[in-house]
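Trainee:
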Amino acid sequence: MTAARDALPAAPADILLRVDNLTVSFGQGPAVVRGVSFSLAPGRCLAIVGESGSGKSVTARALVGLAGPRASVQADGLAFGGEDLRRFADRDWRRLRGKHVGFVLQDALVSLDPLRAVGDEIGEGLRLHGEAGSRAQRQARVVELLERVRVPEPAVKARQLPHELSGGQRQRALIAAALALDPQVLIADEPTTALDVTVQAQVLELLEETRARGKALIIISHDLAVVSRVADEILVMRHGEVLERGSPAEIFGAPRHPYTRRLLDAVPSAHSRGTRLAPASAPRWAAPTGSPAAPSGLTPPVLSARHLVKRFRGPDGVARTVVRDVSFDLQAGETLGIVGESGSGKSTVARIALALETPDSGAVTLHGQPWSAVTERERRPRRRGISVIYQDPLSSFDPRWTVERLVEDSLGPDPADRAQRSARVSELLDLVGLPAAFRHRRPIELSGGQRQRVAIARAIAPEPRVIVCDEPVSALDVSIQAQVLDLLGDLKAQLGVSYLFISHDLGVVHHLSDRVLVMNQGEVVESGAVDEVFLTPRAPYTQRLVAAVPRLHRAG
Amino acid sequence: MNTPTLTLPAPGARRPHPLTALAASVPGSVGLAGAVLLFFLVAALWPQALQTHDPLQMDLAAVLQAPSAAHLFGTDQTGRDTYSRLIEGTRQSLGIGLGATALSLGLALLLGVTAGLGGRVADAVISRVLDVLFAFPTLFLALLFVTVFGVSVATLIVAVGVGTAPGYARMIRGQVLAVRGAGYVEAARALGHAPARIVRQHILPNAIRPLVVMLTLGVGQSIVWASGLAFLGLGVAPPSPEWGALLDAGRSYVTRAWWLEVMPGLAIVAFALSVTVIGRHLQDRLEGKVGRP
Numbered sequence: 123m124t125a126a127r128d129a130l131p132a133a134p135a136d137i138l139l140r141v142d143n144l145t146v147s148f149g150q151g152p153a154v155v156r157g158v159s160f161s162l163a164p165g166r167c168l169a170i171v172g173e174s175g176s177g178k179s180v181t182a183r184a185l186v187g188l189a190g191p192r193a194s195v196q197a198d199g200l201a202f203g204g205e206d207l208r209r210f211a212d213r214d215w216r217r218l219r220g221k222h223v224g225f226v227l228q229d230a231l232v233s234l235d236p237l238r239a240v241g242d243e244i245g246e247g248l249r250l251h252g253e254a255g256s257r258a259q260r261q262a263r264v265v266e267l268l269e270r271v272r273v274p275e276p277a278v279k280a281r282q283l284p285h286e287l288s289g290g291q292r293q294r295a296l297i298a299a300a301l302a303l304d305p306q307v308l309i310a311d312e313p314t315t316a317l318d319v320t321v322q323a324q325v326l327e328l329l330e331e332t333r334a335r336g337k338a339l340i341i342i343s344h345d346l347a348v349v350s351r352v353a354d355e356i357l358v359m360r361h362g363e364v365l366e367r368g369s370p371a372e373i374f375g376a377p378r379h380p381y382t383r384r385l386l387d388a389v390p391s392a393h394s395r396g397t398r399l400a401p402a403s404a405p406r407w408a409a410p411t412g413s414p415a416a417p418s419g420l421t422p423p424v425l426s427a428r429h430l431v432k433r434f435r436g437p438d439g440v441a442r443t444v445v446r447d448v449s450f451d452l453q454a455g456e457t458l459g460i461v462g463e464s465g466s467g468k469s470t471v472a473r474i475a476l477a478l479e480t481p482d483s484g485a486v487t488l489h490g491q492p493w494s495a496v497t498e499r500e501r502r503p504r505r506r507g508i509s510v511i512y513q514d515p516l517s518s519f520d521p522r523w524t525v526e527r528l529v530e531d532s533l534g535p536d537p538a539d540r541a542q543r544s545a546r547v548s549e550l551l552d553l554v555g556l557p558a559a560f561r562h563r564r565p566i567e568l569s570g571g572q573r574q575r576v577a578i579a580r581a582i583a584p585e586p587r588v589i590v591c592d593e594p595v596s597a598l599d600v601s602i603q604a605q606v607l608d609l610l611g612d613l614k615a616q617l618g619v620s621y622l623f624i625s626h627d628l629g630v631v632h633h634l635s636d637r638v639l640v641m642n643q644g645e646v647v648e649s650g651a652v653d654e655v656f657l658t659p660r661a662p663y664t665q666r667l668v669a670a671v672p673r674l675h676r677a678g
Numbered sequence: 004m005n006t007p008t009l010t011l012p013a014p015g016a017r018r019p020h021p022l023t024a025l026a027a028s029v030p031g032s033v034g035l036a037g038a039v040l041l042f043f044l045v046a047a048l049w050p051q052a053l054q055t056h057d058p059l060q061m062d063l064a065a066v067l068q069a070p071s072a073a074h075l076f077g078t079d080q081t082g083r084d085t086y087s088r089l090i091e092g093t094r095q096s097l098g099i100g101l102g103a104t105a106l107s108l109g110l111a112l113l114l115g116v117t118a119g120l121g122g123r124v125a126d127a128v129i130s131r132v133l134d135v136l137f138a139f140p141t142l143f144l145a146l147l148f149v150t151v152f153g154v155s156v157a158t159l160i161v162a163v164g165v166g167t168a169p170g171y172a173r174m175i176r177g178q179v180l181a182v183r184g185a186g187y188v189e190a191a192r193a194l195g196h197a198p199a200r201i202v203r204q205h206i207l208p209n210a211i212r213p214l215v216v217m218l219t220l221g222v223g224q225s226i227v228w229a230s231g232l233a234f235l236g237l238g239v240a241p242p243s244p245e246w247g248a249l250l251d252a253g254r255s256y257v258t259r260a261w262w263l264e265v266m267p268g269l270a271i272v273a274f275a276l277s278v279t280v281i282g283r284h285l286q287d288r289l290e291g292k293v294g295r296p
């Protein structure tokens with residue numbers, strides 16, 4: 123702790139927020155935040171990084187008196203300006219929040235009242251703190267704020283309901299609400315999580331701009347790369363404690379704590395290709411390094427799509443083309459990545475490949491046989507040749523079933539013998555690294571990573587040649603994501619399956635894929651070998667996408 | 004201890020021997036509910052074992068007596084023992100409650116599942132029929148039925164069953180529609196399971212899940228509906244001590260002899276409550292506490 127505190131950069135004289143030895147616990151439970159200290163000056167940005175359960179959000183909430191009614195917040199010092207926050211009553215906190223400290227909540231969709239116009243929501247802070255006089259003045263100020271966070275058509279958007287705005291616009295509206303009263307400190311909890319990478323880049327730009335105007339910033343994030351771009355100082359938290367602190371250059375260039383190093387290694391990227399991300403999980407078999415043998419061209423592709431087109435009729439009755447002339451071949455033992463932002467049509471392509479959706483034109487063949495063009499009855503016995511792993515495994519499990527039944531259900535008719543089936547389930551659970559004792563649990567009793575392992579066990583149970591992975595690691599913490607990606611890599615090497623790997627995360631796709639399709643607005647804008655596409659992108663959209671990805675600025 | 008591996012709690016700690024777990028995990032309320040249900044079961048199958056008096060034996064020397072050691076639940080206007088009459092009526096009342104609920108559920112499943120899975124035309128037709136049935140009060144439907152087919156326990160069961168079915172049918176339809184779009188149904192489809200198997204394994208059980216508690220309450224409600232019919236003179240004829248009939252009979256004496264109303268009412272509440280507690284407990288035990296806030 124002492125060593126870490128010594129590493130604090132020389133603090134400017136005008137400290138806005140000072141936190142000394144902050145401890146938060148709930149009820150009788152153990153402290154979820156222990157001995158956290160930092161200080162913040164105007165125009166500086168502090169980032170708190172950690173995985174779920176690290177105490178980073180609780181720390182942020184304790185700073186604005188929102189840790190919750192059962193929380194016990196203790197500190198040797200907790201001061202904003204000249205005021206001692208430890209003495210604050212509810213009334214004092216309300217005066218502080220909004221006016222002096224702006225708080226941007228995680229998850230823009232849930233944090234905005236679905237039945238109120240966005241502008242009213244933003245204007246509420248102005249009204250409560252008695253600013254900006256009349257209603258008309260308030261409205262003018264709201265439009266000005268929306269304009270400042272670069273929401274297009276601010277006057278129109280102010281009158282719309284949250285669901286009529288895109289995810290990025292909602293996030294920007296929340297930031298506008300937090301900035302409404304011109305607070306000196308802005309705290310943002312996961313401000314870019316769930317945003318597309320180009321939108322994320324815009325939101326980060328906005329935060330940088332805010333800091334440039336002399337505001338102090340605290341950013342809570344699980345994403346090291348996001349933070350490396352804006353932060354002056356980074357605290358790495360785990361289990362409620364600060365493990366390491368320093369400037370981005372120090373943290374990323376020469377991480378001192380092993381956990382920080384592991385977090386950095388767990389981030390998939392081009393550098394990590396062909397290597398394992400999580401050192402903790404030893405490979406069960408020797409994984410061949412590098413790409414599998416290049417497709418010889420003699421064997422037919424296991425999955426092939428030609429000129430797929432899909433239109434959906436929207437609620438307004440207007441048909442929109444979500445997939446436009448998409449073609450690809452997936453060779454045996456190959457991983458084909460599809461990257462794109464939300465609404466690019468990549469998930470629809472996945473559903474067409476799985477024959478859960480019928481293309482309006484074009485055709486899919488599986489193992490050289492027609493697949494999209496035949497009836498469901500003909501398809502059913504062949505479905506075991508292609509499996510799927512979803513982003514949200516929980517909703518793809520019948521909530522009443524145990525792990526055992528879920529996996530057993532996908533075995534198919536063979537073997538018929540009960541003991542043999544049970545042995546096969548054990549074998550599969552072992553293969554995905556789940557202890558046998560988990561077979562009697564229900565999915566709700568598992569963690570996110572464990573659920574995804576069950577989903578993988580279920581996907582490989584029918585011994586398919588192709589597995590469609592639709593954002594399989596997007597909902598996972600980076601170290602768990604690393605384990606799951608390693609598992610997918612191992613299984614490919616061992617079972618010789620092909621993956622159609624769909625993700626919005628360029629790093630993840632780069633790590634796992636051999637070839638990649640880049641999709642934008644239903645079209646394939648670029649395709650080719652993954653290194654070629656990501657390192658020397660030709661299409662302007664790919665170039666924008668690659669440029670928008672926040673990168674770790676590592677030394678060396 | 005810094006490895007970011009999955010931390011797996013020792014499974015032995017979570018799952019002790021099933022019998023030990025059963026004994027330790029059954030809450031007191033469930034035990035009590037079980038005892039109450041067992042009592043009613045004995046009363047239905049073998050009333051003589053529990054009765055203290057002959058339920059039809061009048062005693063004009065002991066008319067309208069308050070509960071006492073001699074008459075646990077007091078006596079009625081002809082001196083009959085209320086407790087023994089309640090026991091005597093258990094079989095009919097439970098028969099009506101369970102029978103009507105089962106019939107109601109059967110009808111509702113048929114209509115609701117057909118509407119939910121049968122395509123647009125079936126859904127439109129059934130939904131409109133349910134709308135029309137909804138326009139009539141439940142009691143009116145039941146009344147109509149009893150008037151047409153005459154009074155008997157069987158007619159009462161059918162009357163109450165048909166009367167309460169539209170409500171359940173509409174709920175089942177909504178559930179089926181919701182479950183049909185669930186991720187696990189699509190996952191089963193992607194595994195190549197046949198539609199019949201998906202309906203049987205996933206759609207039906209998950210669509211009925213939220214209704215289990217409603218149905219256990221429905222058993223008590225059915226008994227109350229039957230007593231409502233008795234109130235209108237369309238219930239099981241006296242001197243049958245069916246609980247609804249008892250309620251109806253005690254109505255005229257409610258200011259002088261509260262026990263004639265309260266005791267049958269308590270029996271209905273005790274039974275409905277026990278069924279609910281046990282039903283909920285079994286649901287949690289068999290399927291885990293899932294999908295309920």
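Sequence order for the protein chains is A and B. Under my numbering, the final residue of the first sequence carries the number 678; numbering is consecutive throughout. Under my numbering, the final residue of the second sequence carries the number 296; numbering is consecutive throughout. Cβ atoms here follow ideal geometry from the backbone N, Cα and C, with glycine treated the same way.
When we look at the beta-carbon of H285/A and count the other beta-carbons within 10 Å, is it buried (16 or more) or exposed?
Mentor: So H285/A counts as exposed.
Trainee: How many angstroms separate the CA atom of A193/A from the CA atom of T55/B?
Mentor: 59 Å
Trainee: Does the beta-carbon distance from G119/B to V215/B come in below 8 Å?
Mentor: no
Trainee: In the structure shown, what three-state DSSP assignment does A485/A receive?
Mentor: strand
Trainee: Exposed or buried, which one is W1/B when buried takes at least 16 other CB atoms within 10 Å?
Mentor: With chain B covering 4 to 296 only, the question about residue 1/B has no answer from this structure.
Trainee: Could you pull the start and end residues of the alpha helix (DSSP H) that A472/A belongs to?
Mentor: K468 to A475
Trainee: Taking a contact to mean a Cβ-Cβ separation below 8 Å, would you say L639/A touches L667/A in this structure?
Mentor: The answer is no: Cβ separation not under 8 Å.
Trainee: Is the beta carbon of Q306/A closer than 8 Å to that of K337/A?
Mentor: Taking 8 Å as the cut-off, the beta carbon of K337/A is found closer than this to the beta carbon of Q306/A.
Trainee: Got a sec? Which residues, its chain only, sit under 8 Å from Q282/A by beta carbon, not counting five neighbours each side?
Mentor: So the list reads A239 and V240, once near-sequence residues are dropped.
Trainee: Are any of the Cβ atoms in chain B nearer than 8 Å to that of R506/A?
Mentor: yes
Trainee: Over the uninterrupted beta strand (DSSP E) stretch that includes G199/A, give me the two end residues.
Mentor: Per DSSP, the unbroken beta strand (DSSP E) holding G199/A starts and ends at G199 to F202.
Trainee: Distance, Cα to Cα, R298/B vs T141/B?
Mentor: Outside the modelled stretch of chain B, which goes from 4 to 296, sits residue 298/B, for which no answer is possible.
Trainee: Against chain A, which members of the segment 167–200 of chain B pass a CB distance test of less than 9 Å?
Mentor: Per Cβ criterion, the list reads A185, G186, Y187, V188, E189, A190, A191, R192, A193, L194, G195, H196, A197 and P198.
Trainee: Shortest alpha-carbon distance to S343/A belongs to which of L657/A, A169/A and Y663/A?
Mentor: For S343/A, the nearest C-alpha among the options comes from A169/A.
Trainee: Under 8 Å, Cβ to Cβ, is there at least one residue of chain A near P208/B?
Mentor: yes
Trainee: So, is S298/B buried or exposed, given that buried needs 16 or more other C-beta atoms within 10 angstroms?
Mentor: No answer is possible for residue 298/B: it lies beyond the span of chain B, which begins at 4 and ends at 296.
Trainee: State the Cα-Cα distance for the pair A280/A and V273/A, rounded to the nearest angstrom.
Mentor: The alpha-carbon separation between A280/A and V273/A amounts to approximately 10 Å.
Trainee: What's the C-alpha gap between R216/A and V223/A?
Mentor: 10 Å
Trainee: So which residues on chain B does P503/A lean against when the C-beta distance must stay under 9 Å?
Mentor: G195
Trainee: Return the residue from the list R637/A, R219/A and G204/A that minimises the CA-CA distance to Q453/A.
Mentor: R637/A
Trainee: Closest Cβ-Cβ distance between V232/A and chain B: below 8 Å?
Mentor: no
Trainee: Could you work out which residues of chain B lie near S343/A, taking near to mean beta carbons separated by less than 9 Å?
Mentor: Under the 9 Å cutoff, chain B gives no residues; its nearest Cβ is about 17 Å from S343/A.
Trainee: Taking the alpha-carbon positions, what's the I129/B to S176/A distance?
Mentor: Answer to the nearest angstrom: the Cα atoms are 53 Å apart.
Trainee: Express the C-alpha separation of Q574/A and D134/B in angstroms, rounding to a whole number.
Mentor: 44 Å
Trainee: If you reduce the DSSP assignment to three classes, tell me which class V364/A lands in.
Mentor: strand
Trainee: Rounded to a whole number of angstroms, what is the C-alpha to C-alpha distance between V154/B and L237/B?
Mentor: 6 Å
Trainee: Would you mind stating whether I474/A and V486/A have Cβ atoms separated by less than 8 Å?
Mentor: yes
Trainee: Can you name the start and end residues of the alpha helix (DSSP H) that A163/A belongs to?
Mentor: The continuous stretches of alpha helix (DSSP H) do not include A163/A, and DSSP gives it neither H nor E.
Trainee: Report the residue from A210/B, L276/B and G100/B whose alpha carbon sits nearest the alpha carbon of S32/B.
Mentor: Measuring from the Cα of S32/B, the nearest candidate turns out to be L276/B.
Trainee: Could you work out which residues of chain B lie near D514/A, taking near to mean beta carbons separated by less than 8 Å?
Mentor: G186
Trainee: Exposed or buried, what is D438/A when buried is set at 16 or more other beta-carbons lying within 10 Å of its beta-carbon?
Mentor: exposed
Trainee: Of all Cβ atoms in chain A, is any one closer than 8 Å to the Cβ of H284/B?
Mentor: no
Trainee: In angstroms, rounded to a whole number, what distance separates the CA positions of A65/B and G166/B?
Mentor: 40 Å
Trainee: Measure from the alpha carbon of D304/A to the alpha carbon of each residue in L458/A, D612/A and P164/A, then state which is nearest.
Mentor: P164/A
Trainee: Give every residue of the same chain whose Cβ lies closer than 8 Å to the Cβ of G122/B, excluding the five residues on either side of it in the sequence, and list them in chain order.
Mentor: none
Trainee: If the cut is a Cβ gap below 7 Å, which residues of chain A does H205/B touch?
Mentor: The answer, in chain order, is D520.
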